[in-house]
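Trainee: Numbering of the sequence shown is given in this note's numbering, commencing with residue 3 and proceeding in unit increments. Positions of the beta carbon are idealized from the N, C-alpha and C atoms, including for glycine. Computed from a predicted model, the values in this text were never measured in an experiment. Here it is: the structure, laid out below.
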Amino acid sequence: MARARAKRKVDTWKTKKWYDIYAPKMFGEIKIGETVASNPENLIGRVIEVTLKDITGEFTKQHIKLKFQIHEVKGDKAYTKLKGHELSREYMRSQIRRKTTRVEGIVDVVTKDGQKLRVR
């Protein structure tokens, strides 16, 4: 009996393509990163986390983390919208002193252009 020939495994990494990720207009549409995907539709919905220092170049803003979500892909360019932001844990701990209390307030807000935001 003849032995079955082993099938070659296709390298899926070679089928993937690189896409540049750009920030929204309010941040000057600068390139904030790159990612790979085999299909452009797979990019939509991905979330990228970048510090504000990487966008503005100001070292004093390195504690602010921005989250961007890809919402549109044109060619090899992926465009994002701001999903949220947060302050780093180390920065928050340095701001809180002993024998003080941290006041937390959560408010849902609707902007003039109809966007819903939760302010903490």
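At what residue ranges does the region 46-105 contain a whole run of the alpha helix (DSSP H), taking only runs of 4 or more?
Mentor: 54-58, 91-97
Trainee: Once you ignore the five residues that flank Arg122 on each side, which residues in its own chain have a CB closer than 6 Å to its CB?
Mentor: Ile108
Trainee: I'd like to check one pair, Lys27 with Val49: are the Cβ atoms closer than 7 Å?
Mentor: Between Val49 and Lys27, the C-beta spacing is not below 7 Å.
Trainee: In angstroms, rounded to a whole number, what distance separates the CA positions of Phe29 and Val111?
Mentor: 22 Å
Trainee: Pick helix, strand or coil for Glu31, following the three-state DSSP scheme.
Mentor: coil
Trainee: In chain order, what residues of the same chain lie with their CB nearer than 7 Å to the CB of Ile46, ignoring the 5 residues before and after it?
Mentor: So the qualifying residues of the chain are Ile72, His73, Val75.
Trainee: Can you confirm whether the region 79-98 touches the region 17-27 when touching is taken to mean that 3 or more C-beta pairs between the two stretches lie within less than 8 Å?
Mentor: yes
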